[in-house]
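As structure tokens, the structure follows; a few thoughts come after it.
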Amino acid sequence: MRDVIVVGAGGGGPVVAKELAAKGLDVLLLEAGPRHADTTNEWTHYENDANNPLTGFLRFGPADRSKPAWYRETPQNSFLWQLSGVGGTTQHYLGNSPRAYPGSFAGYTGADFDAYDSQHPFPFSYSELVPYYEWVEATLPVQTAAMGTKEEVFFRGCENLGLPVQTSKTTTRNSFRPQENAILQPGGFAGRLAGHEEEPRLQYPQSTGCTFCGYCILGCKHPAEAPRNLVAKRSTDNSYVPMALTADRWADGGRPVELITDAFVTQVHTEQRNGKTTATGVTWRGGATGETHREDAKVVVLAAGCTENPRLWLNSGLPNPNDWVGRGYTDHYFDWVIATFDEYTGSSKGTGSSARSDWPGRGGVMNVGVPPALQSFTMTVSDSGIRGQYANGRGPTGTWDGPAGRLLGDELKDVMMHGIDRMFAMLIMTDDHVEEQNRATLSAMPADEHGPIAKVEMHQRKRSRRTVENREYLVRRAVEIARAAGATKVFRMDWAPIILHVQSSMRMGESERNSVLDPNGHSRWVDGLYIADNSALSNGASGANPTLTTQAVSTRTAEKIFTDRFGGDPWVRTEAPVVSTDGRISSRLAELGL
Ligand SMILES: Cc1cc2nc3c(=O)[nH]c(=O)nc-3n(C[C@H](O)[C@H](O)[C@H](O)COP(=O)(O)OP(=O)(O)OC[C@H]3O[C@@H](n4cnc5c(N)ncnc54)[C@H](O)[C@@H]3O)c2cc1C
Numbered sequence: 119m120r121d122v123i124v125v126g127a128g129g130g131g132p133v134v135a136k137e138l139a140a141k142g143l144d145v146l147l148l149e150a151g152p153r154h155a156d157t158t159n160e161w162t163h164y165e166n167d168a169n170n171p172l173t174g175f176l177r178f179g180p181a182d183r184s185k186p187a188w189y190r191e192t193p194q195n196s197f198l199w200q201l202s203g204v205g206g207t208t209q210h211y212l213g214n215s216p217r218a219y220p221g222s223f224a225g226y227t228g229a230d231f232d233a234y235d236s237q238h239p240f241p242f243s244y245s246e247l248v249p250y251y252e253w254v255e256a257t258l259p260v261q262t263a264a265m266g267t268k269e270e271v272f273f274r275g276c277e278n279l280g281l282p283v284q285t286s287k288t289t290t291r292n293s294f295r296p297q298e299n300a301i302l303q304p305g306g307f308a309g310r311l312a313g314h315e316e317e318p319r320l321q322y323p324q325s326t327g328c329t330f331c332g333y334c335i336l337g338c339k340h341p342a343e344a345p346r347n348l349v350a351k352r353s354t355d356n357s358y359v360p361m362a363l364t365a366d367r368w369a370d371g372g373r374p375v376e377l378i379t380d381a382f383v384t385q386v387h388t389e390q391r392n393g394k395t396t397a398t399g400v401t402w403r404g405g406a407t408g409e410t411h412r413e414d415a416k417v418v419v420l421a422a423g424c425t426e427n428p429r430l431w432l433n434s435g436l437p438n439p440n441d442w443v444g445r446g447y448t449d450h451y452f453d454w455v456i457a458t459f460d461e462y463t464g465s466s467k468g469t470g471s472s473a474r475s476d477w478p479g480r481g482g483v484m485n486v487g488v489p490p491a492l493q494s495f496t497m498t499v500s501d502s503g504i505r506g507q508y509a510n511g512r513g514p515t516g517t518w519d520g521p522a523g524r525l526l527g528d529e530l531k532d533v534m535m536h537g538i539d540r541m542f543a544m545l546i547m548t549d550d551h552v553e554e555q556n557r558a559t560l561s562a563m564p565a566d567e568h569g570p571i572a573k574v575e576m577h578q579r580k581r582s583r584r585t586v587e588n589r590e591y592l593v594r595r596a597v598e599i600a601r602a603a604g605a606t607k608v609f610r611m612d613w614a615p616i617i618l619h620v621q622s623s624m625r626m627g628e629s630e631r632n633s634v635l636d637p638n639g640h641s642r643w644v645d646g647l648y649i650a651d652n653s654a655l656s657n658g659a660s661g662a663n664p665t666l667t668t669q670a671v672s673t674r675t676a677e678k679i680f681t682d683r684f685g686g687d688p689w690v691r692t693e694a695p696v697v698s699t700d701g702r703i704s705s706r707l708a709e710l711g712l
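With our numbering applied, the sequence shown corresponds to residues 119 to 712, in that order.
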């Protein structure tokens, strides 16, 4: 019998696996998708090859790309952006790692208390989470982002509006700042040379950290030839997973995690012990062979993400007495504001996003630069139809340059002629209200080889008044920033439902009435069953990019598991975190070819 089984190797699961392995527990990490070990040869910078949701090397599907992707029902006609594979959706992520605003935690007494979703706070205070934030920030590590031209444009707009610069990691006022991100800063020739990985000076060790290639979303493999733990973007495949697999090498008494990929967990087993429904283990199906396997453990941790955790829970017949399993599914009700400039903006260069402004109680506005196909994608899906032609009955959602919607005709040509590096894009991330009606449940459509599939109902077009007002507020701020930076034209997309930054579908909460987990991340109704990923978050992390908060909460949950289930001592407040890019560790990882 294992000590701990962790289901899912995305943003949250590897954190628990690494922390508990460092304490010497026997941990099995099961991941449904592939492990991309040879990224130099497996991954390209061709956007369709990478991002095609049906066939891309980054998709929600099995290791064998000739097999179909796994399906989810989304009745509201939307795109659900989640990935399988070691690293999970962090393979896509931009590494932005802000902390959630203090107002979304219990005990907040600021004057703007009413601005937050005060009915669904985290069940502990912000200051309680700070040591865990600091632990993750040291481990990944999180640093002030490397910046270039597009960030200068963004900062100019913010400064011209008179916004103050935020310099601490805790954000409590309307302000702008460089991102804190989990991307290693450029060293050597990195960031100084344009070129491809074939350019010898852009290879490790002549270059270290971010090479400014501009392809963060396609999975980071740079600088070429770097050991896995020194690859620039700290998606968990490049950070927590290599550390988990080598825990015996860098932690006194540590024990390496066993990772099994292509292993889709289909059942959580329970039995009655001392009058309690108790988790005993899991069954998974191997994708290549179709064989099923069962393992038992003292503790089971679900980290399969906001959609698959509820599916697995319901398919396993686990209790759901308050009907909150899968409910409260939040995203950040995104929108895009796009501007054209008569100057070079370098929008496609550098890290995906290195500058942001924060509006606590409302959400955030980030400058984002993506490669050309993704830039087009952001501009071709709108709830307001085609700008100037029809608006789908959405009413007056627009900017001073006219109505919202995708572009057509001469206007589209004009924007295209500007070219991607004289454009400028801002992503609106709304502090979304936890709403009971938004949920993941089981679909009535045909089951797949893993059982009934998930159905994600996001009533994107019927949001709470607070959420809608927050989004409109942030769009206005983004338009002002673009104008103040000198934009020639500004367009609002009124983006259609693209569901990413998903959170809180198995939320931890103060009240038994509207939560699945207690304040320790432990299931209220199944003993020995924990959840440690975005679904455990109590709310949408106040509109801040959620992964750092998930990783801090997962570190806290790992510590609770160690103390409450294995009689261990807490360590986050007493020990110094081992930094994942420490030369000692990375040379061992290099020896191991990790
Ligand atoms: C384009 C894009 C950019 C983003 N940028 C940022 C950013 O800059 N900053 C930020 O904070 N966040 C960002 N995010 C969000 C970030 O990716 C998520 O917050 C994070 O990955 C969530 O972690 P998770 O563990 O909840 O889920 P995931 O990362 O999705 O991991 C879940 C894992 O579980 C596996 N799994 C599912 N079901 C099973 C099963 N039954 N058995 C075994 N394994 C299973 C999946 O294959 C997957 O690997 C971005 C997301 C996208 C799409």
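Even for Gly, the Cβ is constructed at its ideal location relative to N, Cα and C.
For the segment 368 to 408, not one full-length alpha helix (DSSP H) segment reaches 4 residues or more. Here the C-alpha atom of Pro132 lies approximately 28 angstroms from the C-alpha atom of Ser629. By the 16-neighbour rule on beta-carbons within 10 angstroms, Ala127 is buried.
At the C-beta level, Cys334 and Thr469 come within 8 angstroms of one another. The DSSP-derived three-state label of Val134 is helix.
Under the 8 angstroms Cβ criterion, the segment 165 to 176 does not count as touching the segment 408 to 428, having fewer than three qualifying pairs.
With a minimum length of 4 residues, the unbroken runs of alpha helix (DSSP H) contained wholly in the segment 193 to 271 fall at 244 to 257.
Pro259 sits close to Thr699, with the two beta carbons spaced by under 8 angstroms. Relative to ligand 1, the beta carbon of Asp449 is positioned no closer than 7 angstroms to any heavy atom. Scanning Pro564, Asp121 and Phe459 for the CA closest to the CA of Lys268 turns up Phe459.
The distance from the Cβ of Arg610 to that of Asp355 is about 35 angstroms, inconsistent with a contact at the 8 angstroms cut-off.
When the alpha-carbon of Arg642 is set against those of Glu575, Arg631 and Asn652, the nearest one is in Arg631.
No heavy atom of ligand 1 is found nearer than 7 angstroms to the CB of Cys276.
Between the alpha carbons of Val608 and Leu492 lies a gap of roughly 19 angstroms.
Here Val533 carries a helix assignment [DSSP, helix/strand/coil]. Ile546 sits in a strand when the DSSP states are folded into three classes.
Short of 7 angstroms from the beta carbon of Lys141, and not among the five residues preceding or following it, lie these beta carbons of its own chain, in chain order: Phe680 and Gly686.
Rounded to whole angstroms, the gap between the alpha carbons of Gly482 and Lys573 is 29 angstroms.
The beta-carbon distance between Thr207 and Leu198, rounded to whole angstroms, is 10 angstroms. This is too long to meet the 8 angstroms contact definition. Excluding five sequence positions before and after Ala509, the CB atoms of its chain that fall closer than 7 angstroms to its own CB belong to Ser502, Gly503, Pro521 and Gly523, given in chain order. A straight-line Cα-Cα distance of about 32 angstroms links Ala659 and Thr157. Contact between the segment 588 to 602 and the segment 208 to 217 is not established, with fewer than three Cβ pairs separated by less than 8 angstroms. Secondary structure within the segment 598 to 638: the beta strand (DSSP E) runs of 3 or more consecutive residues, fully enclosed, are 607 to 610 (chain order). Cβ neighbours of Met624 within its own chain (closer than 7 angstroms, five residues either side excluded): Asn427, Pro428, Val443, Val634, Leu635, Ile649, Ser653 and Ala654. Gln507 has its alpha-carbon roughly 48 angstroms from the corresponding atom of Ser357. Not one heavy atom of ligand 1 falls within 7 angstroms of the beta-carbon of Pro180.
Rounded to the nearest angstrom, the Cβ distance from Ala312 to Ser325 is 13 angstroms, too far for a contact under 8 angstroms. Scanning its chain for C-beta atoms nearer than 6 angstroms, with the 5 sequence neighbours on each side dropped, one finds around Leu172 the residues Ala187, in chain order.
If the five residues before and after His640 are omitted, its C-beta is found closer than 6 angstroms to the C-beta atoms of Tyr648, all from its own chain and listed in chain order.
Look at Arg445 here: in three-state DSSP terms it is strand.
Placement of the Cβ of Tyr358 at a distance of 7 angstroms or more from every heavy atom of ligand 1 is found. Set against 7 angstroms, the gap from the CB of Thr379 to the closest heavy atom of ligand 1 is not smaller. If you check the C-beta of Leu436 against ligand 1, you find no heavy atom less than 7 angstroms away. Distance from the C-beta of Glu149 to the nearest heavy atom of ligand 1 is below 7 angstroms. A distance below 7 angstroms between beta-carbons, with the five flanking residues on each side excluded, links Asp230 to the following residues of its chain, in chain order: Gly221, Pro478 and Gly479. At the C-beta level, Leu618 and Asp476 stay beyond 8 angstroms of one another.
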